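Visitor:
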Amino acid sequence: MKSLNQEILKFDYDQNFQDQDFYVSKSNEFSFLLLNSWPKWEKNFINLIGEKFSGKSHLINIFLHKFRGIKINAADISNEYLQKIKIYENIIIEDLNKNIDEKLLFTFLNNIEQDNKYLIVTSTKPIVDYTFELNDLNSRAKNFLLSKIDKPEDDLLYALILKNLSDRQISIDKKLIDFIIKRIDRSYGKISEFIYKIDEISLKRKKPIDFKIIKEALGD
Numbered sequence: 212m213k214s215l216n217q218e219i220l221k222f223d224y225d226q227n228f229q230d231q232d233f234y235v236s237k238s239n240e241f242s243f244l245l246l247n248s249w250p251k252w253e254k255n256f257i258n259l260i261g262e263k264f265s266g267k268s269h270l271i272n273i274f275l276h277k278f279r280g281i282k283i284n285a286a287d288i289s290n291e292y293l294q295k296i297k298i299y300e301n302i303i304i305e306d307l308n309k310n311i312d313e314k315l316l317f318t319f320l321n322n323i324e325q326d327n328k329y330l331i332v333t334s335t336k337p338i339v340d341y342t343f344e345l346n347d348l349n350s351r352a353k354n355f356l357l358s359k360i361d362k363p364e365d366d367l368l369y370a371l372i373l374k375n376l377s378d379r380q381i382s383i384d385k386k387l388i389d390f391i392i393k394r395i396d397r398s399y400g401k402i403s404e405f406i407y408k409i410d411e412i413s414l415k416r417k418k419p420i421d422f423k424i425i426k427e428a429l430g431d
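Residue numbers for the sequence shown, in our numbering: 212 to 431.
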């Protein structure tokens with residue numbers, strides 16, 4: 212079988228990799244360019260939206276590597292961080308969910324806005340689609356510039372499958388990847404699950420990945 216590196220070079224998939232192996236495609240290009248254009252944003256508040264495994268955290272890590280800042284998981288948000296964020300210009304709140312302390316989040320937003328700082332909130336759905344009990348927070352949610360990572364198209368699917376296989380030191384022929392792309396659910400989570408399945412089946416049977424293993428993992 213051909214090596215993954217040979218496949219990447221032959222089909223030029225390396226040309227779209229930017230910053231710490233992030234693959235830029237139509238699905239995520241707007242978000243990638245937006246975060247890299249800091250501080251030239253239309254608004255100081257950005258809501259980065261995308262399903263699990265879509266690359267939100269990857270983009271955030273690239274941003275922090277370039278521009279510095281503090282990252283807080285929404286589940287860990289506390290009064291202690293109100294003091295910590297004072298020395299940072301960029302604040303990231305990751306994985307927003309409905310269970311967040313609304314009054315505390317509202318205080319965060321007010322403080323960040325008053326100090327003219329920059330905020331990125333990541334979530335699986337737009338912050339404006341959350342129905343907060345605190346009306347003032349619903350109003351604040353409308354002040355975010357929305358940046359959504361869409362479902363992957365063929366070139367991103369290929370790159371994601373290739374990268375996940377490469378990370379596991381698995382090499383398969385391009386025609387097998389083409390077969391997968393035509394049949395797999397276009398979901399970042401499903402791609403991750405699928406790679407885990409074919410690796411598990413291959414290891415258990417001590418056989419290289421072939422059409423039979425791929426079909427079984429796909430549920431065909």
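Ideal placement from N, C-alpha and C gives every residue a C-beta, glycine not left out.
Just so we're clear, the structure is a prediction, and the values are computed from it rather than from any experiment.
Output the distance between the C-alpha atoms of D322 and I388, rounded to the nearest integer angstrom.
Guide: In the sequence shown, the residue the question calls residue 322 occupies position 111. In the sequence shown, the residue the question calls residue 388 occupies position 177. Note that residue 322 is Asn in the sequence shown here, rather than Asp. Straight across, the Cα-Cα distance linking N322 with I388 is about 49 angstroms.
Visitor: Enumerate in chain order the residues of its own chain whose CB-to-CB distance from K359 is below 6 angstroms, with the five nearest sequence positions on each side excluded.
Guide: Your numbering for residue 359 matches position 148 in the sequence shown. Result list for K359: I260, in chain order.
Visitor: Mind checking whether L373 and I395 have CB atoms under 9 angstroms apart?
Guide: Sequence index remark: in the sequence shown, residue 373 carries index 162 (1-based). Sequence index remark: in the sequence shown, residue 395 carries index 184 (1-based). In this structure, I395 does not lie closer than 9 angstroms to L373 by Cβ.
Visitor: For I381 and L371, I'd like the C-alpha separation in whole angstroms.
Guide: Stepping through the sequence shown from its first residue, residue 381 is reached at position 170. Stepping through the sequence shown from its first residue, residue 371 is reached at position 160. In this structure, the CA atom of I381 is about 13 angstroms from the CA atom of L371.
Visitor: Please state the DSSP three-state secondary structure of E262.
Guide: Within the sequence shown, the letter at position 51 stands for residue 262. Note: E262 maps to coil in three-state DSSP.
Visitor: Please give me, in chain order, every unbroken run of the alpha helix (DSSP H) with length at least 4 that falls completely inside the stretch 342–396.
Guide: 346–352, 365–378, 385–394
Visitor: Which residues mark the beginning and the end of the alpha helix (DSSP H) in which N321 is found?
Guide: On the sequence shown, position 110 is the one that residue 321 refers to. Element bounds for N321: 313–325.
Visitor: Kindly provide the ranges of any alpha helix (DSSP H) runs that are 4 or more residues long and lie completely inside the stretch 227–304, ordered along the chain.
Guide: 240–247, 267–278, 290–295
Visitor: Is P363 buried or exposed, if buried means 16 or more other CB atoms sit within 10 Å of its CB?
Guide: Within the sequence shown, the letter at position 152 stands for residue 363. P363 should be labelled buried.
Visitor: Less than 8 angstroms between the CB atoms is what I'm expecting for R397 and L368, so what's the real figure, rounded?
Guide: Numbered from its first residue, the sequence shown carries residue 397 at position 186. Numbered from its first residue, the sequence shown carries residue 368 at position 157. That belief holds up - the Cβ atoms of R397 and L368 are roughly 7 angstroms apart, short of 8 angstroms.
Visitor: Thinking T333 and I271 are a contact (beta carbons under 8 angstroms), I'd like their distance in whole angstroms, please.
Guide: Indexing the sequence shown from 1 puts residue 333 at position 122. Indexing the sequence shown from 1 puts residue 271 at position 60. Correct: roughly 7 angstroms between the Cβ atoms.
Visitor: Less than 9 angstroms between the C-beta atoms of E305 and S265, yes or no?
Guide: Sequence index remark: in the sequence shown, residue 305 carries index 94 (1-based). Sequence index remark: in the sequence shown, residue 265 carries index 54 (1-based). Contact: no.
Visitor: Starting from V332, follow its DSSP beta bridges and name the residues at the other end.
Guide: Residue mapping note: residue 332 aligns to position 121 of the sequence shown, counting from 1. According to DSSP, which records beta bridges pairwise, V332 is partnered with N258, I304.
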